[in-house]
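**Q** So for the sequence shown, the working numbering puts the first residue at 206; every next one is plus one.
Beta carbons: idealized from backbone N, C-alpha and C, even for Gly.
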Amino acid sequence: MQKSPMIAIGSSTGGPDALAKILSCLPESLNAVIVIIQHVDEDFSSALASWLDSQTPLKVKLAGEGAVPQKGTVYVAGTNSHLIINKNLRFSYISGLSNILYHPSIDIFFKSIALNICQSKQNHPGGMAVLLTGMGRDGAKGMLQLRNAGWHTIAQDKTSSAVYGMPKAAAELKAASEILHIDKIAPAIIKAFGGRNSKQI
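#1: So D343 packs on I311, CB below 8 Å; how close in whole Å?
#2: For the beta strand (DSSP E) containing S297, list its first residue and its last residue.
#3: Should T261 go down as buried or exposed, given a rule of 16 or more other Cβ atoms within 10 Å for buried?
#4: Quick check on A374: does DSSP put it in helix, strand or coil?
#5: Tell me the DSSP bridge mates of E233?
#6: Which of the three DSSP states, helix, strand or coil, is assigned to I313?
#7: In this structure, what does DSSP give as the bridge partners for E383?
#8: Let me know the secondary structure DSSP gives K276 once reduced to three states.
#9: How would you label Q350, buried or exposed, when you count the other beta carbons within 10 angstroms and need 16 or more for buried?
#10: Please state whether the Cβ-Cβ distance between L235 and Q243 is less than 8 Å.
#11: Buried or exposed for H287, please, with buried defined as at least 16 other CB atoms from any protein chain shown within 10 angstroms of its CB.
#12: In terms of alpha-carbon separation, which member of E247, G347, L257, G215 lies closest to L228?
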């Protein structure tokens, strides 16, 4: 199975608008998989995916249990359980973690990448993690693991964040390789994954 680079994006309060700004600027030929973990109740996740699908030339769909991530597709975590990438590099959902405040958890997804992609012996092209606007600290520790594993990591800046919580936590942990205005994030993604001549992360 051919493996594609992955762009993992975590967002919370103000996230849908920030996600739309990024996705609307990305080309259909993007040489990567995008996975979005947005703090949203499962009753609204399908509507979020449909709305984002209308904002971008890329195909947006819910991440299905057992599905294999496909290049050029945007996947949205679809339930109140926590989305992960398992050891077979497929999507899976886990539950029963009562100590986790936010659902779905960005940290759990980022850490599953670190464990099952970065620390595994499978040959994977790597990727990028992005942490957008939102309250709290979800995603910061997982992003640090990904940065330490060699992934490029981006946190949204204070000026363009509706709530500067999660990106601030990432900056404080030095988990972010770059801190960028929302308008600069899509160009950074395109530079890395825009096509055959893109820079490899």
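**A** In brief:
#1: D343 to I311, Cβ: 5 Å. Contact.
#2: Where S297 is concerned, the enclosing beta strand (DSSP E) stretches over 296-299.
#3: buried
#4: A374: helix per DSSP, three-state reduction.
#5: Looking at the DSSP assignment, E233 forms no beta bridge with any residue, so it has no partner.
#6: helix
#7: E383 is bridged to I359.
#8: coil
#9: buried
#10: no
#11: By the C-beta density criterion, H287 is buried, having at least 16 other C-beta atoms within 10 angstroms.
#12: Check the Cα spacing between L228 and each of E247, G347, L257, G215: the tightest is with L257.
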